[in-house]
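First residue of the sequence shown? That's 272 in the working numbering, and the numbers climb one at a time after it.
Glycine included, every Cβ here is placed at the ideal spot set by N, Cα and C.
Bear in mind that the values here come from a model prediction, so they are computed numbers and not experimental data.
Take a look at the structure below.
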Amino acid sequence: MKNIFCKNFENLFQAGQRFLIFTSILLLILPITGSLISTGLNIELTLAMIILLMTLREGK
């Protein structure tokens with residue numbers, strides 16, 4: 272029972288990592304192409320960078 276739960280959790284975590292990396296890359300690309308309202312996008316940009324760095328560090 273515990274093994275099944277652990278495996279499911281690992282799969283979920285890996286899917287979450289892929290999703291986070293995908294969204295952070297999108298958040299990095301959108302402000303560059305759109306260059307819209309600076310303050311809101313700067314916050315998103317820094318968040319995306321932090322998320323990306325954390326997920327890459329977790330992946331190693």
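- prompt: Taking C-beta to C-beta, are LEU299 and ALA319 nearer than 7 angstroms?
  reply: The residue labelled residue 299 in the question sits at position 28 within the sequence shown. The residue labelled residue 319 in the question sits at position 48 within the sequence shown. For LEU299 and ALA319, yes; Cβs fall inside 7 angstroms.
message: Just to check my reading of the structure: SER295 and ILE314 have Cβ atoms closer than 8 angstroms, yes? What is that Cβ distance to the nearest angstrom?
response: The residue given as residue 295 occupies position 24 in the sequence shown. The residue given as residue 314 occupies position 43 in the sequence shown. About 13 angstroms; that fails the 8 angstroms criterion.
message: Assuming contact is defined by CB atoms lying nearer than 7 angstroms, are THR326 and GLN285 in contact in what I supplied?
response: Counting from one through the sequence shown, the residue named residue 326 turns up at place 55. Counting from one through the sequence shown, the residue named residue 285 turns up at place 14. Result no, Cβ atoms of THR326 and GLN285 do not sit closer than 7 angstroms.
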